[in-house]
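Protein chains in written order, with this note's numbering: chain U, 1 to 289; chain S, 1001 to 1316; chain B, 2001 to 2275. Let me begin by presenting the structure, written as structure tokens, before commenting on it.
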Amino acid sequence: MNELFSLLLSGITVGFIYALVGMGFTVIYNSSGIINFSQGEFVMAGGMSAVFLLKTGMPFGLVFILSIAITALLGILLWKLIDISKEKSIISMIILTLGYSIFLRGLAAVIFDKELHTLPSFVGNGSFEIFGAVLTYQSLLIMVVSIIIVISLHLFFSKTKTGKAMVATSDNVNSAKLMGINIKRILMLNFALSAMIAAIGGILLAPITSTNYEIGIMLGLKGFSAAVIGGLSQPFGAVVGGLVLGILESLVAGYISSEYKDAVAFIALLGILFFMPGGIFSNLKAKRV
Amino acid sequence: MKNIKLKNIKDLIILSAILVIIPFLLKNGFYYEIVILCILNAIICIGLNLLIGYAGQISLGHGGLAALGAYITVILTTNYAFPALLSLFISVVFMAIFAYVISKPILKLQGHYLAMATLGVGIIIYITLNAQANITGGPDGMGVGLFSVFGYAIDTNLKWYIFSAVFLILLIAIFKNIINSPFGRIMRGIRDSSQAVSSVGADVAKYKSYVFVISVIVAVVASSMYAFFSGFISPGEASFNRSIELVVMVVFGGIGRIYGALIGAVFLTVLPQMLTSFEDYETLVYGAIIIFVMIFMPKGIISLFDRFNKAIHANS
Amino acid sequence: MLIVRELSKKFGGINAVDDLSFNVKKGTIHSIIGPNGAGKTTLVNMITGIYKVTRGEIYLQKGDLANLPPSNDDIKDMIHGVRENITNMPMHKLVHKGVCRTFQHLEICENLTVLENIMLGFNRFMSKNIFLSSIKSKKITENEQKYEYEAIKYLKIFNLEKIIYHKASSLSYGILKKIEIIRALSTKPRLILFDEPVAGLNPKETAEVSQIIKEVAKDGLSVILVEHDMKMVMQVSDEVTVVNFGRKLANGTPLEIANNEDVIKAYLGTKYVKN
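In structure tokens form, the structure reads like this:
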């Protein structure tokens, strides 16, 4: 029973990270119809920037803000590259974002290095017990921050002018244009926002698992799975998808086999695509022929 | 009548000529290896191009599928002492059936969802190959024995080169015929409008599956050849990176053109070798080049050749 | 030729088509008209197997008994095997039974040439065997030549021989609409459904298409025409079914329909008299 609960806790913790990565996918997909294969690299960029900025002796608050800003800029750069592309077909955009992910990985290897790094935990190494399972302060922080982000995003999209403009744009680009919304600017903000969410995820994750220039690959793919499981067109589907994924992974690693842990995300992905392409919630179908 | 025929195989003649000359230009074994790798990659890409460029279906899992087939060939030959050709045959039959079965649910999806489903399949294969170490040798890979055809061993670089080059020429000739046949027309039609194709009596799902299976068979054979040639196979062949590499080769070279796939494969096989002088910057430059080409030459590098051709003909 | 019986289609809570029944007689032009959203395209999609039927049946006269006049007793026909139940049969199978259609929103393969698009129409007469194709067998080359010749013949009839080798993407909407019709005719159908064939065409093009449809019916082809252009419908039709809110409002000759009170009410002011 204790074991089950501790597996659940670690699953939920990782699940929230997947949720953050997945939300980034959803934001970009809903606004531009593009699946950003470099989303995982935004997570990596946030974590790695934080690690190296902290080494310079900067106060943590500043490190946090700068890391997020740097990653946001990387997001804006991607937006610009897409903007100037001559042809924006599905396959070109897939290759473009894949190329960007390779580029960012190479950039990280050069600017930082190829080693593993960890961030010290922001809230110390303490933990407390719930039902015989250990919950570290860092894990609790991840859960709390993630929930705060989700709520903030919800408020942003429903209450603020910019947020509502973003929703309008993703619903119907032409109507949005007619209302005088600057589509390009909104798109750029979407990319920046997506990158920032990812960066926060990376910074939160770094104290728990070590970070290096390659973590983006798997994280990105799993985050994508989380988004699809929840439903790509549902803004917060990724949250549920992420949690479901995190918990499933943890249970499989604990009870079945740790070697196949990574496969869970993709088996779940295939399952959803075959049986409920719109995600757990949605009745909307993925384009089927 | 004969004149038309000659014009149609002009490109094959030129390619054959180039292939005949190349061995004389190669200075040592290392270059031979690269050229053979180029040819084998080109073969996989030409098959993959049929799926992506002609039928319009994206696959981000071909690395995994190809590697699975190669592993089956290798395991049968090395662990069970089957004759190489028989192992290859069994592997091809198995993978063809496997590909056909998974194509049914997967090809119902479109666009991004199709891409992600194929990606999922590829990665699951990758994880499985890594995990089942008792059969596959795990992450460290396994050694591969000799490749012999009816007792004749293909064991030197030159023999491998001839074998691969002939394979390439035959493949291109066959594919050209297929592309211009009624089957090929349907395949190309599906890329533009599956409703149109249905409305002339063709079962779209069936044809998509056929093209998928063909592309997998070609990839499996070439991957198996590569395993025999290099004497080694590892799960890295099934990785997402490898699957991306293949798709980038096809798109880079030029979607929907046989020679586009060939050019893309050669370019991106040779490129990493040229980039080793950049050392740490290798990945960075590789990524930058992909980005650059996708932004400014979305139709692929072959579009440069097209402009070159047009310019020549405009002047003459 | 075709019997549609109590056909219904539900989308969620909406009855797009509700208990619709009508018959199409062989060799006639049977039009289906109705206001926007009346369910015409849903009806066509059900007949051609794109949508699954919620309720009802569709029967097609069998090909080999094409010369037998359909009786008034449907059950007798079923027993004698004169008609076949084609409800929910997918489109590609229907083509082999001699049914084909054109699309409201053009379905043309842009990257194929005009000639290749027409050759697609001859699909069911050609071998798609991969092995024979890969070695370019004699059978395949001979077939290609034969149908290429026929395709060019068709294109000449419609004065389109100049653009045979042009890529479809480079051509105008009006020409593409015609090409889609030619492609459909290449399947050598017994029954053809035109879904708004003159939508978006100028008067000259409309007249040309009308002429094509009349000629085609003269040769014995059965035609179902879904259209908004009242003038054209009144000119070419032998029989008209009016649909509104998914239900059959009226059925009869163009003259009868034009004088039908319910129809006039639904259309308000679009009264045409057949010449």
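Ideal placement from N, C-alpha and C gives every residue a C-beta, glycine not left out.
C-alpha distance - residue i paired with residue j, whole-angstrom precision
i: residue 1244(S); j: residue 1020(S); result: 31 Å
i: residue 1081(S); j: residue 1277(S); result: 42 Å
i: residue 1071(S); j: residue 1221(S); result: 11 Å
i: residue 1164(S); j: residue 1241(S); result: 24 Å
i: residue 63(U); j: residue 42(U); result: 16 Å
i: residue 117(U); j: residue 1238(S); result: 28 Å
i: residue 1117(S); j: residue 59(U); result: 44 Å
i: residue 199(U); j: residue 212(U); result: 14 Å
i: residue 30(U); j: residue 187(U); result: 10 Å
i: residue 2049(B); j: residue 2150(B); result: 29 Å
i: residue 278(U); j: residue 1197(S); result: 27 Å
i: residue 1269(S); j: residue 1038(S); result: 6 Å
i: residue 105(U); j: residue 65(U); result: 22 Å
i: residue 1093(S); j: residue 1213(S); result: 10 Å
i: residue 1036(S); j: residue 1087(S); result: 22 Å
i: residue 236(U); j: residue 230(U); result: 8 Å
i: residue 75(U); j: residue 1272(S); result: 27 Å
i: residue 1279(S); j: residue 1159(S); result: 33 Å
i: residue 275(U); j: residue 232(U); result: 15 Å
i: residue 113(U); j: residue 1125(S); result: 30 Å
i: residue 1076(S); j: residue 1067(S); result: 14 Å
i: residue 2199(B); j: residue 2036(B); result: 13 Å
i: residue 252(U); j: residue 10(U); result: 12 Å
i: residue 1009(S); j: residue 1167(S); result: 16 Å
i: residue 12(U); j: residue 2131(B); result: 54 Å
i: residue 1106(S); j: residue 269(U); result: 12 Å
i: residue 163(U); j: residue 153(U); result: 8 Å
Closest residue to residue i among the options (Cα-Cα distance)
i: residue 2095(B); options: 2251(B), 2020(B), 2185(B) and 2205(B); result: 2185(B)
i: residue 78(U); options: 276(U), 28(U), 279(U) and 13(U); result: 28(U)
i: residue 2156(B); options: 2088(B), 2106(B), 2235(B) and 2179(B); result: 2179(B)
i: residue 2089(B); options: 2126(B), 2107(B), 2055(B) and 2051(B); result: 2051(B)
i: residue 1052(S); options: 1303(S), 1202(S), 1287(S) and 1216(S); result: 1216(S)
i: residue 2174(B); options: 2147(B), 2235(B), 2215(B) and 2104(B); result: 2104(B)
i: residue 35(U); options: 68(U), 3(U) and 100(U); result: 100(U)
i: residue 227(U); options: 6(U), 111(U), 10(U) and 20(U); result: 20(U)
i: residue 132(U); options: 73(U), 254(U) and 4(U); result: 4(U)
i: residue 1266(S); options: 1030(S), 1008(S) and 1045(S); result: 1045(S)
i: residue 295(U); options: 1232(S), 1312(S), 1033(S) and 1115(S); result: Here chain U has residues from 1 to 289 only, and residue 295(U) is not among them.
i: residue 1029(S); options: 1156(S), 1263(S) and 1109(S); result: 1156(S)
i: residue 1043(S); options: 1009(S), 1173(S) and 1023(S); result: 1173(S)
i: residue 2251(B); options: 2022(B), 2010(B), 2003(B) and 2006(B); result: 2022(B)
i: residue 54(U); options: 122(U), 153(U) and 243(U); result: 122(U)
Rounded Cβ spacing between residue i and residue j (contact assumed at less than 8 Å)
i: residue 136(U); j: residue 146(U); result: With a Cβ gap of about 15 Å, residue 136(U) and residue 146(U) do not count as contacting.
i: residue 2195(B); j: residue 2102(B); result: 6 Å
i: residue 2192(B); j: residue 2100(B); result: 6 Å
i: residue 206(U); j: residue 119(U); result: 4 Å
i: residue 110(U); j: residue 1275(S); result: With a Cβ gap of about 13 Å, residue 110(U) and residue 1275(S) do not count as contacting.
i: residue 2242(B); j: residue 2043(B); result: Contact doesn't hold; Cβ gap of about 12 Å is too wide.
i: residue 1234(S); j: residue 1141(S); result: 3 Å
i: residue 2240(B); j: residue 2233(B); result: 7 Å
Bridge partner(s) assigned by DSSP for residue i
i: residue 1152(S); result: 1149(S)
i: residue 127(U); result: 136(U)
i: residue 198(U); result: Looking at the DSSP assignment, residue 198(U) forms no beta bridge with any residue, so it has no partner.
i: residue 1226(S); result: Beta-bridge pairing links residue 1226(S) to no other residue.
i: residue 2061(B); result: 2083(B)
i: residue 2055(B); result: 2008(B)
i: residue 2167(B); result: 2113(B)
According to a CB-to-CB cut-off of less than 8 Å, which residues of the region 1111 to 1128 of chain S neighbour chain U? 1111, 1112, 1113, 1115, 1116, 1117, 1119, 1120, 1121, 1123, 1124, 1127 and 1128
Along the region 1152 to 1180 of chain S, what residues have a CB closer than 7 Å to any CB found in chain B? 1174, 1177 and 1178
Residues of the region 2081 to 2098 of chain B whose Cβ lies closer than 7 Å to any Cβ of chain S, in chain order: 2091, 2092, 2095 and 2096
Which residues of the region 1084 to 1111 of chain S have a Cβ closer than 7 Å to any Cβ of chain U? Give them in chain order. 1105, 1108, 1109, 1110 and 1111
Closer than 9 Å between beta carbons: that is the criterion. Which residues of the region 1273 to 1305 of chain S meet it against chain U? Against chain U - using a Cβ distance shorter than 9 Å - the residues of the region 1273 to 1305 of chain S are 1280, 1281, 1282, 1283, 1284, 1285, 1286, 1287, 1288, 1289, 1290, 1291, 1292, 1293, 1294, 1295, 1296, 1297, 1298 and 1299.
Please identify, using Cβ separations under 9 Å, the residues of the region 2181 to 2212 of chain B that lie next to chain S, in order along the chain. 2183, 2184, 2186 and 2187
Selection of the region 1180 to 1202 of chain S by Cβ proximity to chain B, strictly under 8 Å: 1181, 1182, 1183, 1184, 1185, 1186, 1188, 1189, 1191, 1192, 1193, 1195, 1196, 1197, 1198, 1199, 1200, 1201 and 1202
What residues in the region 1018 to 1044 of chain S bring their beta carbon closer than 9 Å to a beta carbon of chain U? none
For the region 1207 to 1229 of chain S, list every residue whose C-beta sits within 9 Å of some C-beta in chain B, in sequence order. Result list: 1207, 1210 and 1214.
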